[in-house]
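>
Protein chains: 2
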Amino acid sequence: MNQSNQDISYSIAELAKEFDITTRTIRFYEDKHLLKPARRGQQRVYSRADRTRLKLVLRGKRLGWPLDDIREMIHMYDAPGGEEKQLRVMIDKIKTSRETLLRQQEDITLALSEFDDIQLRCETQLSSLQISNLTGT
Amino acid sequence: MNQSNQDISYSIAELAKEFDITTRTIRFYEDKHLLKPARRGQQRVYSRADRTRLKLVLRGKRLGWPLDDIREMIHMYDAPGGEEKQLRVMIDKIKTSRETLLRQQEDITLALSEFDDIQLRCETQLSSLQISNLTGT
DNA sequence: CTTGACGTTTACGTTAACGTCAACTTATGC
DNA sequence: GCATAAGTTGACGTTAACGTAAACGTCAAG
Chain A
1 MNQSNQDISY
11 SIAELAKEFD
21 ITTRTIRFYE
31 DKHLLKPARR
41 GQQRVYSRAD
51 RTRLKLVLRG
61 KRLGWPLDDI
71 REMIHMYDAP
81 GGEEKQLRVM
91 IDKIKTSRET
101 LLRQQEDITL
111 ALSEFDDIQL
121 RCETQLSSLQ
131 ISNLTGT
Chain B
138 MNQSNQDISY
148 SIAELAKEFD
158 ITTRTIRFYE
168 DKHLLKPARR
178 GQQRVYSRAD
188 RTRLKLVLRG
198 KRLGWPLDDI
208 REMIHMYDAP
218 GGEEKQLRVM
228 IDKIKTSRET
238 LLRQQEDITL
248 ALSEFDDIQL
258 RCETQLSSLQ
268 ISNLTGT
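The listed protein sequences correspond, in order, to chains A and B. First residue of the first sequence? That's 1 in our numbering, and the numbers climb one at a time after it. First residue of the second sequence? That's 138 in our numbering, and the numbers climb one at a time after it.
1) Is the Cβ of ASP157(B) closer than 8 Å to any Cβ of chain A?
2) Using a Cβ-Cβ cutoff of 7 Å, what residues of the stretch 188-215 of chain B are near chain A? List them in chain order.
3) Report the start-end ranges of each alpha helix (DSSP H) in the stretch 194-268 of chain B that is 4 residues or longer and not cut off at the edges.
4) Please list, in chain order, the residues of the stretch 24-43 of chain A that have any C-beta partner in chain B closer than 7 Å.
5) CA-CA distance, THR57(A) and ALA248(B)?
6) Would GLN256(B) and ILE94(A) qualify as a contact pair, given that the criterion is a beta-carbon distance under 8 Å?
7) ASP206(B): beta carbon under 7 Å from a heavy atom of the ligand ADP?
8) When you compare only the Cα positions, how much space is there between LEU204(B) and ASP215(B)?
9) Is SER141(B) helix, strand or coil when you go by DSSP?
10) Between ARG240(B) and chain A, is there a C-beta pair that is closer than 8 Å?
11) When DSSP builds the beta bridges, which residues end up paired with GLN180(B)?
12) Can you say whether ILE268(B) is buried or exposed, counting buried as having 16 or more other CB atoms within 10 angstroms of its CB?
13) Please tell me whether LEU54(A) and PHE28(A) are closer than 8 Å, where the distance is taken between their beta carbons.
14) Mind checking LEU172(B): buried by the 16 CB within 10 Å criterion, or exposed?
15) LEU126(A) CB to nearest chain B CB: under 8 Å?
16) Could you check the C-alpha separation between GLN180(B) and ASP244(B) for me, to the nearest Å?
17) Name, please, each residue of chain B whose Cβ falls closer than 7 Å to the Cβ of SER97(A).
18) Excluding the 5 residues flanking THR261(B) on each side, which residues of the same chain have their C-beta closer than 6 Å to its C-beta?
19) So the candidates are MET213(B), ILE211(B), ILE149(B), THR160(B); which of them puts its Cα closest to the Cα of TYR183(B)?
20) Would GLN241(B) and LEU200(B) qualify as a contact pair, given that the criterion is a beta-carbon distance under 8 Å?
21) Under 8 Å, Cβ to Cβ, is there at least one residue of chain B near ARG48(A)?
22) I'd like the span of the alpha helix (DSSP H) that includes ILE26(A), first residue to last.
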């Protein structure tokens, strides 16, 4: 198989800039075993895979997951095999995670419709102010 | 207008039990101005409206919002009027909140489909273990 | 009337997720 | 070749969101 790797790599500052986070944050994630970049001497060199993992981390953050959960998720992602018991545990974790996500979906739907409601009231209020401005406050 | 209030009320312990949180948490939310229960003497008495607000708080938490944001949201909810500038600010906040929620929806969709993927791989792996068990490890 | 069960305030402790130096090494442009 | 920009490892600080414990009030039941 001809793997046409373009072996793209990134510096820590490049990633920080791209995702609008600090280098401190990226190193912190490494401390927490969310990332494991290569090293050229002392310096960290991030592959495209590392960049993808970082994106996964940030997505987890946007969904409100704690870093520990995110780490588990990521490790599930690149751990295809294992013993039978391990696999069953993983499947179970996926199940509960999925339930959490579905719950979040419901919550979002509710919140969105309530926002519609609030916004409508705001706009109604606004236009009534507009009118009373015209007709003399 | 005949307001047929059933004036249901709850104790702090009842709410804590119902929502599986501690009384400490509920009092903490009050400190942060997320709740303002009535008092019978010293004791807190929660109305059905208070209970609804608490539910809103917990929904916000599930969506990963910080308590400060949740408080803003709640206050927007029961503040229909205000000055023109205030109203415009509110509408703008709603807009950005809505964008955040839509982003979360995308994230959830992605995460769910990746979970499908991981689970499939797990199950494939499981059944191949099953087979090698039958055919003699 | 006292013993729990439940409630209150006050205050300090804890954990997660970084921020903010400091002190130092390594690359890079001119 | 030298400033300066970028990177490194500690180490301590900070904020949010509660936990935990102390010290005390109150009220119904035995």
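Heads up, the beta-carbon is just placed ideally off N, CA and C, and yes, glycines get one too. Treat the numbers as computed from the prediction; the structure is a model and nothing was measured.
Well, looking at it:
1) no
2) ARG196, ARG199, LEU200, GLY201, MET213, TYR214
3) 204-214
4) none
5) This sequence places Val at residue 57(A); Thr is not what is there. For VAL57(A) and ALA248(B), the distance between alpha carbons rounds to 12 Å.
6) Between GLN256(B) and ILE94(A), the CB-CB gap stays under 8 Å.
7) The ligand ADP is absent from the structure shown, which contains no ligand whatsoever.
8) 17 Å
9) Any reading at SER141(B) must be qualified, since the residue scores a pLDDT of 40, below 50, and its modelled position is unreliable; no value is offered.
10) By this cut-off, ARG240(B) is an interface position.
11) Per DSSP, ARG177(B).
12) exposed
13) no
14) buried
15) yes
16) C-alpha of GLN180(B) to C-alpha of ASP244(B): approximately 43 Å in a straight line.
17) Within chain B, the residues near SER97(A) are PHE252.
18) none
19) ILE149(B)
20) If you check the CB distance, GLN241(B) and LEU200(B) come in under 8 Å.
21) no
22) Counting along the chain, the unbroken alpha helix (DSSP H) around ILE26(A) starts and ends at 23-31.
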